[in-house]
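In my numbering, the protein residues as written are 2 to 123. One structure is given below, encoded as structure tokens.
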């Protein structure tokens with residue numbers, strides 16, 4: 002399903018990873034080492050549990066059935082440092098999430114190749 006939504010090669014993904022967060026639990030700010038990530042929310046969270054991207058000014062409330070998709074690499078292959086993200090603490094309820102990670106192998110043929118370096122992309 003995630004491959005149909007993204008157009009990415011399903012043969013270069015990691016196994017589906019399911020995580021849960023109880024009240025007080027969170028995931029620290031980090032960059033992912035994968036080409037792209039697609040976490041899907043499996044539950045509604047009563048309070049807290051947002052996914053935040055500080056450099057982009059984004060804060061996403063978990064909603065059952067919703068998914069996020071972002072590319073950790075720019076089209077020229079350099080890391081996109083704006084994708085620094087983390088999971089805020091769950092205040093009430095529980096957060097269950099299923100992560101699908103796509104590796105770079107063969108994905109490079111599915112996105113346009115940039116032939117010029119844009120200094121404004123730093």
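C-beta: ideal position from N, C-alpha, C; glycine also.
Given residue i as reference, the closest of the options once Cα atoms are compared
i	options	result
residue 89	39, 38, 24	24
residue 38	22, 46, 14	14
residue 91	16, 9, 48, 44	48
residue 73	57, 52, 33	33
residue 82	12, 10, 57	57
Cut-off 7 Å between Cβ atoms - residues of its own chain near residue i, not counting five sequence neighbours on either side
i	result
residue 65	42, 43, 44, 45
residue 94	46, 47, 48
residue 61	51, 52, 69
residue 26	90, 91
Same chain, Cβ closer than 6 Å to residue i, neighbours up to 5 away in sequence not counted
i	result
residue 30	85, 87
residue 69	40
Contact under 8 Å by Cβ, residue i with residue j
i	j	result
residue 102	residue 22	no
residue 98	residue 55	no
residue 63	residue 78	no
Under the three-state DSSP convention, the category residue i falls into
i	result
residue 13	helix
residue 44	coil
residue 75	coil
residue 34	coil
residue 23	coil
residue 85	coil
For residue j and residue i, believed in contact at Cβ under 8 Å, the rounded distance
i	j	result
residue 18	residue 104	With 8 Å as the limit, residue 18 and residue 104 do not qualify as a contact, their Cβ atoms being about 13 Å apart.
Same chain only: Cβ atoms within 8 Å of residue i, ignoring 5 sequence neighbours per side
i	result
residue 80	32, 73, 74
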